[in-house]
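Only one structure is covered here, and it is reproduced in the block below.
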Amino acid sequence: MIKKEIRTFDDYMSDEERVSTSEKEQILFEASLIGKMVAAREKSGLSQRELARLSGVKQPAIARMESMRATPQIDTLLKVLNPLGYTIEIVPLKKGVQGYEKL
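With the first letter of the sequence shown counted as 1, position 60 gets the number 60 in our numbering; the numbers rise by one all the way through.
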């Protein structure tokens with residue numbers, strides 16, 4: 001079987017033989033989460049180094065998270081988000097779906 005040539009990230013993400021639906025959802029969630037973290041840092045006017053000093057997380061670890069070379073542990077993410085004025089919240093995927101009430 002000849003696989004379709006992958007030229008872009010979108011090509012890769014849309015190839016169901018390479019990326020399952022659940023993997024795609026996880027990748028998109030992580031990209032959105034990290035994108036919001038970077039936007040919050042930039043909006044605060046902080047460099048990675050300044051955020052490292054405020055959060056206690058080393059600057060190279062922040063750089064790895066921001067470049068998506070590492071998936072942060074929840075405690076690390078909370079340490080980084082706190083000085084930016086953010087936290088993590090669990091929210092329902094769909095309103096009215098049993099089992100998806102707000103906690």
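Each residue gets a CB set at the ideal place from its N, CA and C atoms; glycine is no exception.
Just so it is clear, the structure is predicted and the values come from calculations on it, not from any experiment.
Q) Rounded C-beta distance between Gly56 and Lys36? I'm assuming under 8 angstroms. A) Locating residue 56 in the sequence shown gives position 56, where the first residue counts as 1. Locating residue 36 in the sequence shown gives position 36, where the first residue counts as 1. Incorrect: roughly 21 angstroms between the Cβ atoms, too far for contact.
(Q) Considering only their Cβ atoms, is the gap separating Ala52 from Lys58 smaller than 8 angstroms? (A) Mapped onto the sequence shown, residue 58 falls at position 58. Mapped onto the sequence shown, residue 52 falls at position 52. Yes, the Cβ-Cβ distance between Lys58 and Ala52 is below 8 angstroms.
Q. Which class does Gly45 belong to by DSSP, given the choice of helix, strand or coil?
A. For the purposes of this step, residue 45 is taken as the residue at position 45 of the sequence shown. Here Gly45 sits in coil by DSSP.
Q: Mind reading off the beta-carbon distance from Met68 to Ala40? Whole number of angstroms is fine, and I expect it under 8 angstroms.
A: As a position in the sequence shown, residue 68 is number 68, starting the count at 1. As a position in the sequence shown, residue 40 is number 40, starting the count at 1. Not quite, the Cβ-Cβ distance comes to about 16 angstroms (not below 8 angstroms), so this is no contact.
**Q.** Test item: CB-CB of Glu66 and Ile34 under 8 angstroms
**A.** As a position in the sequence shown, residue 66 is number 66, starting the count at 1. As a position in the sequence shown, residue 34 is number 34, starting the count at 1. Cβ distance < 8 angstroms, so Glu66 and Ile34 count as in contact.
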